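Asker:
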Amino acid sequence: MKASSESGYSLFFIEWSRSRMASIMVALILVALGIAAFVWALRFSGDASPDSITGYSFAISGTFFMLLAAVRYALYRRSRKRAVGKLNGSLHWHMAFGSIGLVLLCLHSFGNLNPRSGTYALWGMIALVISGIIGRTIDHFTPRKIAKAASRALTAQGEDRVESLTQNLQSIVVHNKQEIRTFKPDNNPRSMVDSSFGTPLPWAGANRQASPAGNAKDRGVLQTSWDMAYISLEETPQEISRDAVQYRFVPDRKSALARPGALLPGAYDHINELQQVEKALRHEQYLRYVVRYWRSFHILLAIVTVGLTLWHLEFAMTLLIPVWLHH
Amino acid sequence: MLKMLKLRPALLHKTGSQVAQELRACIGCNECLLACPALTEPITIDVLNRETVSGTISAPVARFAQACYQCGACVSPCPVGLHRDAMVMWLKIRLLARDEE
Numbered sequence: 001m002k003a004s005s006e007s008g009y010s011l012f013f014i015e016w017s018r019s020r021m022a023s024i025m026v027a028l029i030l031v032a033l034g035i036a037a038f039v040w041a042l043r044f045s046g047d048a049s050p051d052s053i054t055g056y057s058f059a060i061s062g063t064f065f066m067l068l069a070a071v072r073y074a075l076y077r078r079s080r081k082r083a084v085g086k087l088n089g090s091l092h093w094h095m096a097f098g099s100i101g102l103v104l105l106c107l108h109s110f111g112n113l114n115p116r117s118g119t120y121a122l123w124g125m126i127a128l129v130i131s132g133i134i135g136r137t138i139d140h141f142t143p144r145k146i147a148k149a150a151s152r153a154l155t156a157q158g159e160d161r162v163e164s165l166t167q168n169l170q171s172i173v174v175h176n177k178q179e180i181r182t183f184k185p186d187n188n189p190r191s192m193v194d195s196s197f198g199t200p201l202p203w204a205g206a207n208r209q210a211s212p213a214g215n216a217k218d219r220g221v222l223q224t225s226w227d228m229a230y231i232s233l234e235e236t237p238q239e240i241s242r243d244a245v246q247y248r249f250v251p252d253r254k255s256a257l258a259r260p261g262a263l264l265p266g267a268y269d270h271i272n273e274l275q276q277v278e279k280a281l282r283h284e285q286y287l288r289y290v291v292r293y294w295r296s297f298h299i300l301l302a303i304v305t306v307g308l309t310l311w312h313l314e315f316a317m318t319l320l321i322p323v324w325l326h327h
Numbered sequence: 001m002l003k004m005l006k007l008r009p010a011l012l013h014k015t016g017s018q019v020a021q022e023l024r025a026c027i028g029c030n031e032c033l034l035a036c037p038a039l040t041e042p043i044t045i046d047v048l049n050r051e052t053v054s055g056t057i058s059a060p061v062a063r064f065a066q067a068c069y070q071c072g073a074c075v076s077p078c079p080v081g082l083h084r085d086a087m088v089m090w091l092k093i094r095l096l097a098r099d100e101e
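From first to last, the protein sequence lines are chains V and C.
FYI, in my numbering the residues of the first sequence are 1 to 327.
FYI, in my numbering the residues of the second sequence are 1 to 101.
1) Taking its Cβ as the centre, do 16 or more other Cβ atoms sit within 10 Å of V/A81, making it buried, or is it exposed?
2) Would you report the Cα separation of V/R282 and V/G89, rounded to the nearest angstrom?
3) How far does the alpha helix (DSSP H) with C/E104 in it extend, from its first residue to its last?
4) Just to confirm my understanding: we take C/L95, look at its own chain, exclude 5 residues before and 5 after, and list those with CB closer than 8 Å. What are they?
5) Name the residues in the region 71-82 of chain V whose C-beta lies less than 7 Å from a C-beta of chain C; which are they?
6) How long is the line joining the alpha carbons of V/A83 and V/G8, rounded to whole angstroms?
7) Checking contacts by CB at 8 Å: is C/R24 closer than that to chain V?
8) By the DSSP assignment, the alpha helix (DSSP H) with V/E314 in it spans what residues?
9) Find out if the Cβ-Cβ distance for the pair C/K22, C/L82 is shorter than 8 Å.
10) With contact counted as at least three CB pairs below 8 Å, one residue from each stretch, are the region 270-285 of chain V and the region 156-168 of chain V in contact?
11) With distance defined between alpha-carbon atoms, name the residue in C/V53, C/V47 and C/P77 nearest to C/A35.
12) Three-state secondary structure (DSSP) at C/V88?
13) So, is V/F12 buried or exposed, given that buried needs 16 or more other C-beta atoms within 10 angstroms?
14) Kindly indicate which three-state DSSP category V/L154 falls into: helix, strand or coil?
15) Taking 8 Å as the CB-CB cut-off, is V/G307 touching chain C?
16) Which class does V/D160 belong to by DSSP, given the choice of helix, strand or coil?
17) Mind checking if V/G124 is an interface residue toward chain C, Cβ cutoff 8 Å exclusive?
18) So, V/S131 versus V/L301, is the Cβ gap smaller than 8 Å?
19) Would you please state the rounded distance, in angstroms, between the beta carbons of V/S10 and C/I93? I believe it to be under 8 Å.
20) Taking only the alpha-carbon atoms, compute the straight-line gap between V/W16 and V/G34 and give it to the nearest angstrom.
21) Counting along the chain, where does the alpha helix (DSSP H) carrying C/Q21 start and finish?
22) If we call anything under 8 Å between Cβ atoms a contact, is V/A280 one with V/A156?
23) I'd like to know if C/L12 contacts chain V, where contact means its C-beta is closer than 8 Å to some C-beta of that chain.
24) Go ahead and label V/Q246 buried or exposed: buried means 16 or more other beta carbons lie within 10 angstroms of its beta carbon, across all protein chains shown.
25) Three-state secondary structure (DSSP) at C/T56?
26) State yes or no: is the beta carbon of C/S17 nearer than 8 Å to at least one beta carbon in chain V?
27) Please list the partners that C/L33 has in chain V, where partner means a Cβ-to-Cβ separation under 9 Å.
28) Got a sec? Which residues, its chain only, sit under 8 Å from V/R77 by beta carbon, not counting five neighbours each side?
29) Is it right to say V/H326 is buried, meaning 16 or more other beta carbons lie within 10 angstroms of its own, or is it exposed?
30) C/G35 lies in the alpha helix (DSSP H); which residues open and close that run?
31) Is C/I93 close to chain V, meaning its C-beta is less than 8 Å from at least one C-beta of that chain?
32) Quick one: using the 10 Å Cβ neighbour count with 16 as the cut-off for buried, is C/S54 buried or exposed?
33) If you draw a straight line from the C-alpha of V/D375 to the C-alpha of C/L48, how long is it?
34) Can you have a look at V/M125 and say buried or exposed, based on whether 16 or more other CB atoms are within 10 angstroms of its CB?
35) Taking Cβ-Cβ distances shorter than 7 Å, what residues in chain V pair up with C/L39?
36) Excluding five sequence neighbours on each side, which residues of the same chain lie with their C-beta closer than 6 Å to the C-beta of V/G135?
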């Protein structure tokens, strides 16, 4: 189980692969060039607006990088000419191109954030990139949480803990049931309880009404399957609270059940542990849904952003085409 | 796209014996590793299979197990319908257990 060269599962594990480093470097260089062009346009160009030459340059290059981010990764994923380990590099370039595209398109706006089609497209792109960043953060931290939840649902040997607990619980129930057969309860209804769970036997009330003196034969223990069906992790409204003090089974000193080892302890502990495992399984499922549907949300946002961008391009063309035709 | 939005029950982890059973069914075609966006260095499927169940975990396999984000991209290309994501989850659990040791 021990590896000689690697420690365990680090929370802040980041692998600095060559493609990650290269994509970060290229993104930083291109963003720096874009900002330099923006500063130059503000200081030395007379027309620093989205529809200036610099503005159009930002728009065209930003759209190009956004398209590159969207198309290149999607196509490479579906390509048959892949090598093991290369798709990760493509993912890094997808993130780098998306970030470069967003910065260039922000620069294209020149701070004009009036509620127009271009602004909606820009907000869409900002939301898209932010959702991507959040998605990567989820991808980084969630699998470790899933692994922790899964390990809680497994035994040390890697088997299903629910099954193991259920078997133990069943053996306790069977043992206690056998012990309770030998137990002669008095007429006190408080003694008519299931020794395993401290709840009153469900037929106790009916028997009390039918034969106040009580009939030991009628109060015989039910079949195992019935008993197992009665075990529920969640309390139904009809069920009397297991933890209520008045229903706890406490054999008196003279009872046969009071002798050491007559009742196997641990039924409550097992039920509590089962509840913990069930909680861990629910948590695992929830985290898996988060990972799965955040990716779908990101793709959905990308489609909305493409639509908003096309709307903005159509708007820009209605302004530009008459100008071009006039010239 | 609509396939992605379809509500499907999330597959939970598998037990050690289930993982071992799946690994025995693996034909070693490498399709899962080719489809994996988390894998940064080339590792072979036989090394991964061998180290998944028991024994020492080498540095590249441990790095892969930590990098895997359970996207499930490896599941659909598998020609025999195995769940490599569940196998890597088992590796993650083993790495966590090593943390606790």
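Where a beta carbon is used, it is the ideal one built from N, C-alpha and C, also for glycine.
Since the structure is predicted, the reported quantities are computational estimates derived from the model, not experimental observations.
Answerer: Reading it off the structure:
1) The residue asked about is misnamed: residue 81 of chain V is Lys in this sequence, not Ala. So V/K81 ends up on the exposed side.
2) 34 Å
3) Outside the displayed span of chain C (1 to 101) sits residue 104 of chain C, for which this structure offers no information.
4) I57, A62, A65 and Q66
5) R82
6) 28 Å
7) no
8) A267 to H326
9) At residue 22 of chain C the sequence reads Glu, which differs from the Lys that was named. Yes, Cβ-Cβ distance for C/E22 and C/L82 is below 8 Å.
10) yes
11) C/P77
12) helix
13) exposed
14) strand
15) no
16) strand
17) no
18) yes
19) The Cβ separation is near 15 Å, so there is no contact.
20) 26 Å
21) G16 to A25
22) no
23) yes
24) For V/Q246, the pLDDT reaches just 49, beneath the cut-off of 50, and the residue's location in the model is therefore unreliable, although a value from the coordinates is still provided. So V/Q246 ends up on the exposed side.
25) coil
26) yes
27) V84 and G85
28) L87 and S90
29) exposed
30) Reading the sequence as shown, one finds Ala at residue 35 of chain C and not Gly. No alpha helix (DSSP H) holds C/A35; DSSP gives it neither H nor E.
31) yes
32) exposed
33) As shown, chain V starts at 1 and ends at 327. That puts residue 375 of chain V outside it, with no answer to give.
34) buried
35) V84, G85 and N88
36) W294 and H298
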